[in-house]
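Take a look at the structure set out below.
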Amino acid sequence: MKAPTSKNKDLRLDKWLWAARFYKTRSLAREMIDGGKVDYNGVRAKPSRTVEIGAKIKLLRGGLRTEVEVLELSDVRGPAPVAQKLYKETEESIKQRTKQLEQLRINALLAPHPDSKPNKKERRQLLDIKYSQNQE
Numbered sequence: 687m688k689a690p691t692s693k694n695k696d697l698r699l700d701k702w703l704w705a706a707r708f709y710k711t712r713s714l715a716r717e718m719i720d721g722g723k724v725d726y727n728g729v730r731a732k733p734s735r736t737v738e739i740g741a742k743i744k745l746l747r748g749g750l751r752t753e754v755e756v757l758e759l760s761d762v763r764g765p766a767p768v769a770q771k772l773y774k775e776t777e778e779s780i781k782q783r784t785k786q787l788e789q790l791r792i793n794a795l796l797a798p799h800p801d802s803k804p805n806k807k808e809r810r811q812l813l814d815i816k817y818s819q820n821q822e
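The sequence shown begins at 687 in this note's numbering and counts up by one.
Set out below in structure tokens:
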């Protein structure tokens, strides 16, 4: 299935990010752009920014920085395989992402994980410790 292209030449950045399935809703895409988590060609963007083929977009998704190049334009949110044809992740971004994932995995191994949830008595003891530290 071919990715549907935009009929008009002016396609908003928030709409393209939504159609490319980076964010679940357009309003979430807009919030991420307004929050400074999306750069368009190295510059902080606005949601109404016009997207062009060949542009480089850096975005934050799931706590990981990703850089993609726009290959096609679409204002229709289609299935994931179609959406993946709208962009291509850069090699540098892939290397950075794998390095970040490895660091997160190592940090998770070093974090303490109890075998079970605390029971009612242990929860009360933890709360007592927490509140006694806050009062000091």
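Using N, Cα and C, we set each Cβ at its ideal position, and we do this for glycine too.
- In the structure shown, Thr752 adopts extended strand secondary structure according to DSSP, grouped into three states.
- If you draw a straight line from the Cα of Ala715 to the Cα of Gly722, it is about 11 Å long.
- Membership of Asp725 in the beta strand (DSSP E) is indicated by the continuous run 724-726.
- For Asp801 and Lys807, the gap between their C-alpha atoms comes out near 16 Å.
- Shown here for Thr711: same chain residues with a beta carbon closer than 8 Å to its own, the five before and five after excluded, namely Trp704 in chain order.
- Only buried fits Tyr773, as 16 or more other CB atoms lie within 10 angstroms of its CB.
- Nearest in C-alpha terms to Arg763, of all of Phe708, Arg751, Gln819, Arg730, is Phe708.
- Counting along the chain, Leu757 sits inside no beta strand (DSSP E), nor does DSSP assign it H or E at all.
- Lys785 sits in a helix when the DSSP states are folded into three classes.
- Assignment of Val729 by DSSP, reduced to helix, strand and coil, places it in the strand class.
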